[in-house]
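Residue numbers (my numbering): 357 to 471.
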Amino acid sequence: MPQTKTDIPDKRYLKIGEVSAITGVEPYILRYWETEFREVKPIRARSGQRLYRRKDVELILKIKELLYKHKYTIAGAKKHLRSVERGKEPSSKSTKTVTLQEIKSELMEIRRLLS
357 MPQTKTDIPD KRYLKIGEVS AITGVEPYIL RYWETEFREV KPIRARSGQR
407 LYRRKDVELI LKIKELLYKH KYTIAGAKKH LRSVERGKEP SSKSTKTVTL
457 QEIKSELMEI RRLLS
């Protein structure tokens with residue numbers, strides 16, 4: 357069963373098998389995500405083995421959430437991560453707030469006209 361961020365072992369580096377067990381993502385998918393997401397960059401040991409840091413595992417969990425839970429496409433997940441990286445969390449919250457304010461104004465106007 358995949359673990360949460362708090363369940364990530366307190367080790368400096370994790371091997372791909374350990375990351376797979378923690379995240380519930382198969383090693384071949386982790387390797388594929390390395391090619392698709394520039395943010396996923398495990399370091400390489402002299403032997404060539406991938407070594408993931410805690411921040412890499414947290415990022416993988418975020419990517420998994422975007423792809424599997426929120427049903428983002430790879431391109432959509434990339435765009436989301438890059439927006440977050442730039443400090444502009446893509447959210448329709450501000451758009452919803454504006455829309456709700458417009459609706460409220462219109463309803464207040466209708467109420468005023470009916471009074």
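A virtual CB, placed ideally from N, CA and C, is assigned to each residue, including glycine.
What residue range is occupied by the uninterrupted beta strand (DSSP E) comprising residue i?
i    : result
Y408 : R406 to Y408
Looking at the secondary structure, which residues open and close the alpha helix (DSSP H) in which residue i lies?
i    : result
S439 : I430 to E441
E395 : It is not in any alpha helix (DSSP H) - E395 carries neither H nor E in the DSSP assignment.
A377 : I372 to T379
Which term fits residue i, buried or exposed, when burial requires 16 or more other beta carbons within 10 angstroms of its beta carbon?
i    : result
E400 : Reading off the sequence, residue 400 comes out as Arg, not Glu. Burial call: exposed.
L386 : buried
V381 : buried
Y408 : buried
Have a look at the options and flag the residue whose alpha-carbon is nearest the alpha-carbon of residue i.
i    : options             : result
D363 : I378, Y369 and G373 : I378
E395 : K371, E414 and P383 : E414
S376 : R406, F393 and R402 : R406
Give me, in chain order, the residues of the same chain whose beta-carbon lies closer than 6 Å to that of residue i; leave out the 5 immediate sequence neighbours on both sides.
i    : result
D412 : P398
E390 : V396
Identify whether residue i lies in helix, strand or coil by the three-state DSSP scheme.
i    : result
I385 : helix
I364 : coil
K427 : coil
V467 : The sequence shown places Arg at residue 467, rather than the Val named in the question. Three-state DSSP puts R467 in a helix.
Kindly list the residues whose CB is nearer than 7 Å to the CB of residue i, restricted to its own chain and excluding five residues on each side of it in sequence; keep chain order.
i    : result
A433 : I419, L422 and L423
E465 : none
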